[in-house]
Amino acid sequence: MLLINCPFCGPRAETEFSFGGPAVEKRPQDPKAMTDVDWVEYLTVVPNPMGPVREKWWHGRGCGQWLELSRDTVTHDILDAPQATK
Amino acid sequence: MQHYSFLSLARNALTGHKNWPEAWRSPPLKSEYDVIIIGAGGHGLATAYYLAKNHGVTNVAVLEKGWLGGGNVARNTVTIRSNYMRDESIPFYVKSVELFDGLSKDLNYNLMHSKRGMMDVVQTYPRMRDIRRRMLAMDIYGSTYEPMSVEDVRRKVPALTGGQEGSRLPLLGGMFHPDAAVNRHDAVAWGYARKADSYGVEVHQKTAVQSLMRDARGNICGVETNRGTVRAKKVAVVVSGHTTTLTDTVDLKLPLRTFNLTAFVSEPVKPFIDVVVNCPDIGVYFSQSDKGELVIGGAPDAGQSFRRDIKQHVFEDSVCALLELFPSFKKLKMLRQWGGHLDISHDATPILDQTDIPGLFVSAGWWGGYKAIPAGGYTLAHLLATGQRHDLAEPFGIERFKNLQFVSESGTTTAR
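Respectively, the protein sequence lines represent chains A and B.
FYI, in my numbering the residues of the first sequence are 965 to 1050.
FYI, in my numbering the residues of the second sequence are 1268 to 1683.
What follows is the structure, encoded as structure tokens:
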């Protein structure tokens, strides 16, 4: 189980959180200006490394804040202090 | 290859079982093959077998990082079924069930195949509607769902004493899927390997592929392994959760993410459940193995993962949910647990196609790939040999992402 350090509540168990999916880049302002390949890649491809990934977690059974953090997919270590999403 | 039969068993019993030949050879690794299959799991070995049997392609090496049958083919719950939702998926799994049914004879290997059927336990009305819709869709393609009343469900599995009126999720009814089966995972891997080997296919264990290689024109030309370079003009990546680990080495981006799916088994008890029991509303399913253990499948971990362990709270959630329906299981002790990491595509449907890199083939996204082993191997072999996707695997092409024509299959697997 992950121990997620919520910036508002302190360290809390993973069971208080819901997984919110990968933290992807901001949606492009004008998809029509992009090539089809880049647009499809934005829509469907998420980095899948054996290593750090950026992802969102929702502290639904706590303060209700959305957090963004980076986590190692092999060790499951949380690599930086979780940040509240803007 | 020695044919296994009552006679061969008797002959070897009389000679003290000292003269059994090796089930497959361990030949030296050559520097070039016609086809390299990366991964000697169920899908990889099945592909090698059907390549040799159906298409006469035998200059084939199956390269395996670990040992034969030690990957995800041993990390699953051996459930074989065809109760899918989409027109694109159902015929494929119907074919797989059909191939599995004749496989013991085909491979001359006892797979301990038990066609015992699966019962869905329904506890919510949305699930009931969904499952009735699937019944109609499956009916078109020769897969079967038979509605069951609450009384039918309780008669079929007397241990199901929970879910009474007034409980959190009372039992509403069920659905029986007579096509479903379980069998022995080791035997599937060994049986395919032994028969493929008899056609001349080479299986190389402890041969880890480190990267893929491209020639000057960009075509695939081989692989780098811990035992040196092996060349081939056709390379198939059949490695479950590690697909992107390999395709990243040639900068190919695929819409796949790797997750860890967990399962565990109880201590062995006397036979008391003769069907696969699936409880989709509480997210848990199980069957009783020939050894008497309950083989229980639970939910996936949240977030991408390359681990093969089980998180305590995922385990506890599955057990708590199961005890609501089967309170008598409280006395059971749990023996073993495991996870398997597997990749899921953007639309939860597999990818079985040649990639943008000529000569590089991918069979991935098998979320619940055990049931798909024979048809996955059958259709990938067809693609490797002919260059054309088999009709059954036509919907699994990679171009569906480019055209944004997704085949969304979430909800019919544990990927809920």
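Ideal Cβ placement from N, Cα and C applies to all residues, glycine included.
Keep in mind it's a predicted model, so treat the numbers as computed, not measured.
Quick check: what's the CA-CA separation for residue i versus residue j?
{"i": "Arg-1683 (chain B)", "j": "Gln-1571 (chain B)", "result": "Below a pLDDT of 50, predicted positions are generally treated as unreliable, and Arg-1683 (chain B), at 42, falls in that range; no measurement from the model is reported."}
{"i": "Leu-1602 (chain B)", "j": "Ala-997 (chain A)", "result": "57 Å"}
{"i": "Gly-1429 (chain B)", "j": "Lys-1600 (chain B)", "result": "19 Å"}
{"i": "Val-1327 (chain B)", "j": "Val-1504 (chain B)", "result": "14 Å"}
{"i": "Val-1502 (chain B)", "j": "Glu-989 (chain A)", "result": "33 Å"}
{"i": "Gly-1311 (chain B)", "j": "Leu-1619 (chain B)", "result": "12 Å"}
{"i": "Gly-1565 (chain B)", "j": "Leu-1274 (chain B)", "result": "43 Å"}
{"i": "Val-1542 (chain B)", "j": "Asp-1453 (chain B)", "result": "21 Å"}
{"i": "Gln-1269 (chain B)", "j": "Phe-1539 (chain B)", "result": "37 Å"}
{"i": "Ala-1588 (chain B)", "j": "Leu-1330 (chain B)", "result": "40 Å"}
{"i": "Thr-1622 (chain B)", "j": "Ala-1530 (chain B)", "result": "32 Å"}
{"i": "Tyr-1271 (chain B)", "j": "Gly-1485 (chain B)", "result": "46 Å"}
{"i": "Glu-1469 (chain B)", "j": "Tyr-1376 (chain B)", "result": "19 Å"}
{"i": "Asp-1568 (chain B)", "j": "Pro-992 (chain A)", "result": "30 Å"}
{"i": "Ala-1615 (chain B)", "j": "Cys-1488 (chain B)", "result": "30 Å"}
{"i": "Glu-1591 (chain B)", "j": "Glu-1413 (chain B)", "result": "25 Å"}
{"i": "Ile-1577 (chain B)", "j": "Glu-1289 (chain B)", "result": "36 Å"}
{"i": "Ser-1533 (chain B)", "j": "Ser-1381 (chain B)", "result": "20 Å"}
{"i": "Ala-1642 (chain B)", "j": "Pro-975 (chain A)", "result": "47 Å"}
Going by C-alpha to C-alpha distance, which of the options sits closest to residue i?
{"i": "Val-1562 (chain B)", "options": "B:Pro-1437, B:Tyr-1360 and B:Gly-1606", "result": "B:Gly-1606"}
{"i": "Ser-1675 (chain B)", "options": "B:Glu-1661, B:Pro-1617, B:Leu-1647 and B:Ala-1631", "result": "B:Pro-1617"}
{"i": "Leu-1479 (chain B)", "options": "B:Thr-1516, B:Gly-1384 and B:Gly-1654", "result": "B:Thr-1516"}
{"i": "Glu-1560 (chain B)", "options": "B:Phe-1573, B:Leu-1590, B:Leu-1592 and B:Phe-1596", "result": "B:Phe-1596"}
{"i": "Lys-1598 (chain B)", "options": "B:Pro-1535, B:Phe-1359 and B:Gln-1621", "result": "B:Pro-1535"}
{"i": "Lys-1669 (chain B)", "options": "A:Asp-1000, A:Ala-1048 and A:Asp-994", "result": "A:Asp-1000"}
{"i": "Leu-1318 (chain B)", "options": "B:Val-1417, B:Arg-1278, B:Gly-1467 and B:Val-1449", "result": "B:Gly-1467"}
{"i": "Ala-1475 (chain B)", "options": "B:His-1580, B:Ile-1624 and B:Val-1490", "result": "B:Val-1490"}
{"i": "Val-1420 (chain B)", "options": "B:Arg-1400, B:Asp-1397 and B:His-1444", "result": "B:His-1444"}
{"i": "Thr-1049 (chain A)", "options": "A:Ala-987, A:Phe-981, A:Pro-975 and A:Asn-969", "result": "A:Ala-987"}
{"i": "Ile-1398 (chain B)", "options": "B:Ser-1356, B:Leu-1513, B:Met-1379 and B:Gly-1441", "result": "B:Gly-1441"}
{"i": "Val-1417 (chain B)", "options": "B:Thr-1391, B:Phe-1367, B:Arg-1656 and B:Ala-1483", "result": "B:Thr-1391"}
{"i": "Glu-980 (chain A)", "options": "A:Asp-1044, A:Leu-1031 and A:Tyr-1006", "result": "A:Leu-1031"}
{"i": "Ile-1357 (chain B)", "options": "B:Leu-1378, B:Arg-1451, B:Ser-1293 and B:Ala-1404", "result": "B:Ala-1404"}
Along the chain, where does the alpha helix (DSSP H) containing residue i start, and where does it finish?
{"i": "Thr-1511 (chain B)", "result": "1510-1514"}
{"i": "Ser-1556 (chain B)", "result": "Element bounds for Ser-1556 (chain B): n/a, residue is neither H nor E."}
{"i": "Met-1405 (chain B)", "result": "1392-1407"}
{"i": "Thr-1049 (chain A)", "result": "From DSSP, Thr-1049 (chain A) is part of no alpha helix (DSSP H); its letter is neither H nor E."}
{"i": "Asp-1000 (chain A)", "result": "1000-1008"}
{"i": "His-1580 (chain B)", "result": "1579-1592"}
Between which two residues does the beta strand (DSSP E) containing residue i stretch?
{"i": "Pro-1016 (chain A)", "result": "1016-1022"}
{"i": "Ile-1357 (chain B)", "result": "Ile-1357 (chain B) -> not in any beta strand (DSSP E); alpha helix (DSSP H) instead, spanning 1357-1368."}
{"i": "Phe-1628 (chain B)", "result": "1627-1631"}
{"i": "Pro-975 (chain A)", "result": "974-977"}
{"i": "Gly-1564 (chain B)", "result": "1561-1567"}
{"i": "Thr-1529 (chain B)", "result": "1523-1533"}
{"i": "Ser-1665 (chain B)", "result": "According to the sequence shown, residue 1665 (chain B) is Ile rather than Ser. Looking at the DSSP string, Ile-1665 (chain B) is not in any beta strand (DSSP E), and its letter there is neither H nor E."}
{"i": "Arg-1461 (chain B)", "result": "Here Arg-1461 (chain B) belongs to no beta strand (DSSP E); instead the alpha helix (DSSP H) covers 1452-1465."}
{"i": "Trp-1030 (chain A)", "result": "1030-1036"}
{"i": "Gly-1441 (chain B)", "result": "1440-1444"}
Are the beta-carbon atoms of residue i and residue j separated by less than 8 Å?
{"i": "Phe-1663 (chain B)", "j": "Ile-1611 (chain B)", "result": "no"}
{"i": "Ile-1347 (chain B)", "j": "Val-1361 (chain B)", "result": "no"}
{"i": "Gly-1369 (chain B)", "j": "Ser-1507 (chain B)", "result": "no"}
{"i": "Gly-1644 (chain B)", "j": "Thr-1314 (chain B)", "result": "yes"}
{"i": "Thr-1037 (chain A)", "j": "Val-1017 (chain A)", "result": "yes"}
{"i": "Pro-1522 (chain B)", "j": "Thr-1008 (chain A)", "result": "yes"}
{"i": "Phe-1628 (chain B)", "j": "Leu-1659 (chain B)", "result": "no"}
{"i": "Phe-1553 (chain B)", "j": "Ala-1426 (chain B)", "result": "no"}
{"i": "Val-1455 (chain B)", "j": "Ile-1640 (chain B)", "result": "yes"}
{"i": "Pro-1013 (chain A)", "j": "Leu-1033 (chain A)", "result": "no"}
{"i": "Cys-970 (chain A)", "j": "Gly-1015 (chain A)", "result": "no"}
{"i": "His-1691 (chain B)", "j": "Phe-1673 (chain B)", "result": "The structure shown has nothing for residue 1691 (chain B), since chain B only spans 1268 to 1683."}
{"i": "Leu-1609 (chain B)", "j": "Trp-1634 (chain B)", "result": "yes"}
{"i": "Leu-966 (chain A)", "j": "His-1023 (chain A)", "result": "no"}
{"i": "Asp-1446 (chain B)", "j": "Thr-1411 (chain B)", "result": "yes"}
Taking residue i and residue j to be in contact with their CB atoms under 8 Å, please state how far apart those CB atoms are, rounded to whole angstroms.
{"i": "Phe-983 (chain A)", "j": "Gln-1029 (chain A)", "result": "About 15 Å; that fails the 8 Å criterion."}
{"i": "Val-1340 (chain B)", "j": "Val-1324 (chain B)", "result": "Contact flag wrong, Cβ pair sits at about 22 Å."}
{"i": "Leu-1296 (chain B)", "j": "Arg-1494 (chain B)", "result": "6 Å"}
{"i": "Leu-1335 (chain B)", "j": "Met-1395 (chain B)", "result": "Actually they do not touch by this definition, with Cβ atoms about 43 Å apart."}
{"i": "Trp-1287 (chain B)", "j": "Arg-1461 (chain B)", "result": "Between Arg-1461 (chain B) and Trp-1287 (chain B) the Cβ distance is about 12 Å, and since that is not below 8 Å, they are no contact."}
{"i": "Gln-1472 (chain B)", "j": "Ala-1307 (chain B)", "result": "7 Å"}
{"i": "Val-1544 (chain B)", "j": "Val-1449 (chain B)", "result": "Contact flag wrong, Cβ pair sits at about 12 Å."}
{"i": "Tyr-1637 (chain B)", "j": "Asn-1343 (chain B)", "result": "4 Å"}
{"i": "Met-1352 (chain B)", "j": "Arg-1383 (chain B)", "result": "Actually they are not in contact, since the Cβ atoms of Met-1352 (chain B) and Arg-1383 (chain B) sit about 23 Å apart, beyond 8 Å."}
{"i": "Ile-1624 (chain B)", "j": "Arg-1481 (chain B)", "result": "7 Å"}
{"i": "Leu-1366 (chain B)", "j": "Gly-1458 (chain B)", "result": "No, Leu-1366 (chain B) and Gly-1458 (chain B) are not in contact; Cβ-Cβ is about 12 Å, not under 8 Å."}
{"i": "Leu-1513 (chain B)", "j": "Arg-1451 (chain B)", "result": "Not quite, the Cβ-Cβ distance comes to about 29 Å (not below 8 Å), so this is no contact."}
Please tell me whether, using a cut-off of 7 Å, the distance from the CB of residue i to the nearest non-hydrogen atom of the ligand ATP is below it.
{"i": "Met-1352 (chain B)", "result": "As for the ligand ATP, it is missing from this structure, which has no ligand bound."}
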